[in-house]
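Data first, discussion second: the structure below is written as structure tokens.
Residue numbers (the working numbering): 27 to 317.
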């Protein structure tokens, strides 16, 4: 398993439902509305057969399953993800949902052969897209759809995440913060170590204010400072490892996201790739407004 997949496996193991922590509510609601409307517009045989590529812990596909269950729609939902995930196996009436981790789109052996729709929310672009598009195409019924949402490199959301990434990169390279935390592990009352960390964060705030605030370092440091005095050394070491690991994983995940964002040239290449395979391509660009 490569570094990128390890990072996502770690992230999903923490119980996260969505691919971005603290996802702004208006983004979440807009995306949910889009996917529900997309499913409602499908004229399909019974049951509706839907595959999600890159489902994570099921934040999206579980909502679609709940919609089908509550509306009495016969539907079979399948989700796959290359990372280790908290797998789901649900059935209620005529609706079912199964998700599988450590499963790549490119080599998925149990791909349904009667898909009404395959969906991807910030996921398929992380795969070998040419192979994934080919595999999905041969699993779609005539007239069925592959619907993908990807991050545009010019979107407000990506620009905000880029600020966070730059701040995380600076935080993880700033030895004063790590050294200060290590000193507090040994001696939680060390005022010099506390001042060292405060000074380092203050310096970072001057050049990366928004990114530092988005990163969570202020809350993490405050939690460590507040609780470390009530912990034994072993507990402090564990908390230190959790904090430093989480920031490294966060930085790596954002780096992967930056690499997977779509610009106009990449979009045109993907559209051509899809049409060469046999898809009839439709491109829609929409910008969600910053909250």
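Note that the Cβ used here is the ideal one computed from N, Cα and C, for glycine as well.
Can you list, in chain order, the residues of its chain whose CB lies under 6 Å from that of residue i, leaving out five sequence neighbours each side?
i, result
"residue 83", "38, 43, 111, 112"
"residue 263", "211"
"residue 41", "none"
"residue 184", "177, 287"
"residue 269", "246"
"residue 35", "109, 110"
"residue 174", "146, 150"
"residue 179", "287, 289"
"residue 240", "190"
"residue 306", "none"
"residue 78", "87, 105, 145"
"residue 114", "84, 123, 125"
Considering only residues of the same chain and omitting the five flanking positions on each side of residue i, which have a CB-CB separation below 7 Å?
i, result
"residue 4", "No information on residue 4 is available, as it lies outside the stretch 27 to 317 that the chain covers here."
"residue 118", "95"
"residue 89", "58"
"residue 317", "Because the pLDDT of residue 317 is 32, which lies under 50, any placement of that residue in the model is unreliable, and the number read from its coordinates should be weighed accordingly. Here the set comprises 50, 52."
"residue 302", "none"
"residue 196", "230, 234"
"residue 72", "100"
"residue 91", "103, 116, 121, 123"
"residue 260", "none"
"residue 167", "140, 141, 142"
Is the beta carbon of residue i less than 7 Å from the beta carbon of residue j?
i, j, result
"residue 102", "residue 122", "yes"
"residue 206", "residue 222", "yes"
"residue 176", "residue 288", "yes"
"residue 106", "residue 133", "no"
"residue 328", "residue 194", "Past the boundaries of the shown model lies residue 328; the chain is included only from 27 to 317, so the question cannot be answered."
"residue 137", "residue 165", "yes"
"residue 104", "residue 129", "no"
"residue 75", "residue 141", "yes"
"residue 109", "residue 31", "yes"
"residue 85", "residue 149", "no"
"residue 67", "residue 278", "no"
"residue 131", "residue 97", "no"
Once you ignore the five residues that flank residue i on each side, which residues in its own chain have a CB closer than 8 Å to its CB?
i, result
"residue 54", "44"
"residue 155", "296, 299"
"residue 227", "203, 238, 243, 244, 247"
"residue 274", "198"
"residue 160", "303"
"residue 254", "210, 211, 214, 262, 265"
"residue 93", "62, 65, 99"
"residue 315", "Note that residue 315 scores 41 on pLDDT, short of 50, meaning its location in the model is unreliable; the coordinates nonetheless yield the value given after this. Hits under 8 Å: 52, 182."
Would you list the residues sitting across from residue i in a DSSP beta bridge?
i, result
"residue 116", "123"
"residue 146", "79, 174"
"residue 106", "79, 126"
"residue 141", "166"
"residue 223", "In the DSSP output, where bridge partners are listed per residue, residue 223 has none listed."
"residue 101", "74, 121"
"residue 288", "178"
- request: Please list the segments of the beta strand (DSSP E) lying wholly inside the segment 33 to 79, counting only runs of 3 or more residues, in order along the chain.
  value: 74 to 79
- request: Would you check if the segment 178 to 191 and the segment 213 to 220 touch, i.e. whether three or more CB-CB distances between them fall below 8 Å?
  value: no
task: Evaluate contact between the segment 58 to 69 and the segment 194 to 208, counting only Cβ atoms and requiring at least three cross-stretch pairs below 8 Å.
output: no
field: Segments assigned alpha helix (DSSP H), at least 4 residues, entirely inside the segment 175 to 204
entry: Whole alpha helix (DSSP H) segments, 4+ residues: 182 to 199.
- request: Identify every run of the alpha helix (DSSP H) within the segment 227 to 262, keeping only runs that are complete inside it and at least 4 residues long; order them along the chain.
  value: 243 to 253
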